[in-house]
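Down below is the structure, laid out as structure tokens.
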Amino acid sequence: MRTKVKTQEQLIDEEIVSPQDHILIKGARTHNLKNVTVSIPRNKLVVVTGVSGSGKSSLTMDTLFAEGQRRYAESLSAYARQFLMRMNKPDVDYIKGICPAIAIEQKVITRTPRSTVGSMTEIYDYLRLLFARAGKTYSPVSGNLVKKHEVADVVDFISKLKEGSKVHIIVPFPHHAKREVSEELNILMQKGFSRLYLPAKEGGSLQRIEELLEDKKPKVPKDAYVLIDRIVVRKFDDDEKHRIADSVQTAFYESEGECHLEVDGQLQPRFSNRFELDGLQFEEPVPNLFSFNNPYGACPTCEGFGQVLGLDKDLVIPDKRLSVFENAIAPWRGEKMGEYKEALIKVARKFNFPVHKPIAELSDEQYELLWTGNEHFYGLNEFFKMVEQNLYKVQYRVLQARYRGRTVCPTCNGARLRKEALYVKVGGTDIARLVEMPVEKLKVWFDSIELNEYEQQVSKRIMLEINHRLKTLLDVGLSYLTLNRVANTLSGGESQRIQLTRTLGSNLTNSLYILDEPSIGLHARDTHRLIGVLKELRDLGNTVVVVEHDEQLMAEADYIIDMGPLASHLGGEVIFAGTHDEILKDAKSLTGKYMSGALQIEPPLQVRKWKKFIEVEGARQHNLKNIDVKFPLGVMCVVSGVSGSGKTTLVKQVLYPALMKMKGEFTDRVGQHRAIKGNVEDITQVEMVDQNPIGKSSRSNPVTYIKAYDEIRDLYSKQPVSKMRGFQPKHFSFNVDGGRCDTCKGEGEVIVEMQFLADVHLQCESCGGRRFKEEVLEVTYKGKNIYDVLEMGVDDAIEFFKEEKDVVNKIRPLSDVGLGYVKLGQSSDTLSGGEAQRVKLASFLGKGRAQGHILFVFDEPTTGLHFHDIRKLLASFNALIDQGHSILVIEHNLDVIKSADWVIDLGPEGGEGGGTLLYAGVPDGLKKVKESYTGKFL
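Heads up: the sequence shown at position 107 corresponds to 106 in numbering that gives the first Met the number 0, and the numbers run straight through without jumps.
What follows is the structure, given as structure tokens:
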């Protein structure tokens, strides 16, 4: 007889699963969750998976994390709560056994240019401490160590002298310009000093001040000293040591920082408690001296930003493919300023300057010469000095403004700190050099650093923290980053893994960590190291819940929860909860079927051939090693390689902005390269399709974004009731006055602001949440009004409007990209990043052939996609190619790589070890390339 397996619900209701070892969620109904009941084992690595829109984030972020945060917020006073983000109470019956929750999302959390990788991981804070405690200051003049003597140093020196030595503690006689010598001697008498020390030829002599004052106009030699104390060296007891220390302290005070000793007639090197050398006064190392976010440590010119508004060399010479003769120098075009160009061309032969050579091919010396000039011609620096002198004329002000941009600060050279901070070194290296090293090199530097016994003692704890964080950065696959990399230039995945590093550094226990796809932007090679980091987090005694689609991560998880069966209103249920081995045998789980191989993404039977291409020549931005790359057109081309190998640099910083510039569009600065060649004129436009939201407003939704709502409003305005009442298409819009509800202005809800609690969203009483006036809602088509249509799923709407070809053609692309489950009127801010990207894709699919030949650039489009969704995404790509467009994808996902027509693989490593073109060809050939990690995993 088969025993019946009990459901999670029955186990929780019968209290077989206890809140001691599980987090129990009962009756979760947030967004599309259908009264979900599930238990999550504590202190385990749990993966929540399922197709896009199935309710993973609703269960983890919007239910579990929201409740954990809300409970923490409620434990605080009303006063403290007003400063916290207001947390909504999730729609759930109860959650038992929850611990303090920390969510690490794949958002770039900071937009300020002051935040860097070093400050986000807290490594920079420990570096500042290390330099303040163990740093040695060296003079930039002589390179000698700058030392400051303490009273104890002088006492120790005296104590170590040979017994019986006679010591005089003396300070230089103060010669003031505005004071008579007799006046000075009187002041010394009043202070209690009675003798001067004169270093005469026969070993020095003492002179009483009283005797000197007997003379009307006493004379004191320039090299005279004031005697503070006389000592005969022997074994000193504590009282005697105190007396000597007092005398030394007096000496330092009287001479404003100097103390001299004379031992047995010989003057010794002076002691100084001023921090100075070579006539320079140095700053004593304190943590704030090394902080570019503090006025004390920041470079005074750029105020700690590392950049200033100055001459932008890329604006002065915008197209480096041109030569001087071909007007490469923008300010020297035109009639008047062209005289400078003519002057250079006339004299160029005198110093062999190649005026017909493209700027990109000039040597470093020749390029520098253009700026500095020589005795034969005025360089660009002189030219702009002349412009500055003429700024009272408006045309010169316009000229200068045209070539200004963000440039490296000339004072600190991008180091962000004042120069005094860079005189301080640890292990012979200053802090600016350390933050410019990639993490992998920095780790090697810290492993090999040699410190003396004192430095080891003061930096022991600091070094422990730094090494732990550097190791974690290496483990999460960020070995190629430098600590001074600005945080707002990181991708979402990198940003999330950096926060993970900081979290691990804080060593919290008994907490709940919720991570949203930490493997994004990570090559298959690095995933196992990330899994190691997550397991380390779990082994500290934390519960780690990861929303993830990665097969390697699921295989290593302690427990898997599969949401489904499909998305939106067809999802929101727990399809499976159990171990990895159990999901492979589960008949209902889509994830299980793909993992066991019952379902799979088949590569295309044949790859497409291509003739036309765009070629980037001599790409050398960041770590690219002067490479030439051909991007074929009319096919699907994938750029792969480990994290940090230069994929994003090549595509998003060189190719995309360069093409945009050639099309006359506004764009970011173009990365360094020699030239763009090939069939550029064949492309009518270039589109970057990223995962940024399609709209932050609750009024933005998929049907308005793909311009299908206009057709639906037209259709409703043509209905008999509309014609009788004089309704036009605008009456069916919730964005303009006319047909929308006047109370809620078409929002469907009214927001009540609470003082210390979350804002309450109440359904609008006038329209009952239906957004429109009653008389507009009386207009129906096939028995449904405009509100009913906005509440329909895309697939249902296609069936409903099947007679209206215009409407169906506009909506169908949403279904083609796998968004058939999304409601037409669903608010954009509830869409995930992957869904937003596919809505953009649908809007292009809908426009079809009318737009000419577009090159689409996708940056990791599989982010947030389940195996099942990737299949649909590839079908959309093929549809775009069939319409005559080209597709270029940056991707790590092996299913996408093997489905490509052409693969460009960069590597072999990240950072310094990357930037080389390993392979370009059909996917099959990549498997034979030994150096390629992508080939190994294929």
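Glycine included, every Cβ here is placed at the ideal spot set by N, Cα and C. Remember, predicted model here, so these are calculated numbers, not experimental data.
Buried versus exposed call for residue i [16 or more other C-beta atoms within 10 Å across all chains shown]
i    : result
E572 : buried
S246 : buried
K871 : buried
F942 : Any answer about residue 942 is impossible in this case: the structure gives the chain only from 0 up to 937.
E149 : exposed
E325 : exposed
F800 : buried
P907 : buried
H891 : buried
I15  : exposed
N483 : buried
H167 : buried
Q19  : exposed
Secondary structure of residue i, DSSP reduced to three states
i    : result
V407 : strand
R1   : Residue confidence for R1 is low, a pLDDT of 45 falling below 50, so the modelled location carries little weight; the figure read from the coordinates is stated next. Here R1 sits in coil by DSSP.
M753 : coil
Q265 : strand
Q455 : helix
A586 : coil
V606 : coil
M791 : coil
T115 : strand
M436 : coil
M635 : strand
L276 : strand
G26  : strand
I227 : strand
R132 : helix
R194 : strand
M687 : strand
K822 : strand
Euclidean distance between Cα positions of residue i and residue j
i    : j    : result
G278 : L266 : 21 angstroms
Y780 : A707 : 16 angstroms
P922 : L893 : 10 angstroms
N622 : S478 : 13 angstroms
R1   : I574 : Because R1 carries a pLDDT of 45, less than 50, the predicted location of this residue cannot be relied on, and no value is offered for it.
F270 : V219 : 23 angstroms
S827 : A79  : 32 angstroms
A999 : N87  : Lying before the first or after the last residue shown, residue 999 is absent from the chain, which here runs from 0 to 937.
Y593 : P656 : 38 angstroms
V153 : S193 : 23 angstroms
Y558 : L63  : 17 angstroms
E449 : D124 : 21 angstroms
T508 : E535 : 11 angstroms
E680 : L830 : 36 angstroms
Spatially closest choice to residue i from the options, by CA coordinates
i    : options                   : result
F731 : E764, D787, C763 and M687 : D787
R528 : T742, S642, Y395 and A899 : S642
D689 : Q762, K218, P860 and Y715 : P860
F130 : R41, G296 and T62         : G296
A874 : D585, L390 and S814       : S814
P284 : S193, I157, S588 and L128 : L128
N691 : T862, E764, K470 and C743 : T862
M336 : F382, K349 and L887       : F382
V354 : F192, G333, K319 and N380 : K319
R70  : V45, V47 and G96          : G96
K25  : Q19, E8 and E13           : E8
N380 : Q399, G677 and V225       : Q399
P217 : R229, E182, Y196 and D238 : E182
L226 : S322, H375 and E261       : E261
Cut-off 7 angstroms between Cβ atoms - residues of its own chain near residue i, not counting five sequence neighbours on either side
i    : result
A431 : A414, L416 and L421
Residues near residue i in its chain [Cβ-Cβ closer than 6 angstroms; skip 5 each side]
i    : result
V928 : L917, Y918 and G934
Cβ shell of residue i (< 8 angstroms), same chain only, five flanking positions each side left out
i    : result
W609 : P631, L632, G633, V634, D900 and W901
D758 : R85, I750, V751 and E752
G570 : N31, G49, V50, G52, S53, G54, M562, G563, P564 and Y820
Closer than 7 angstroms: residue i CB and nearest the ligand SAM heavy atom
i    : result
L469 : As presented, the structure is devoid of all ligands, the ligand SAM included, so that no description of it is given.
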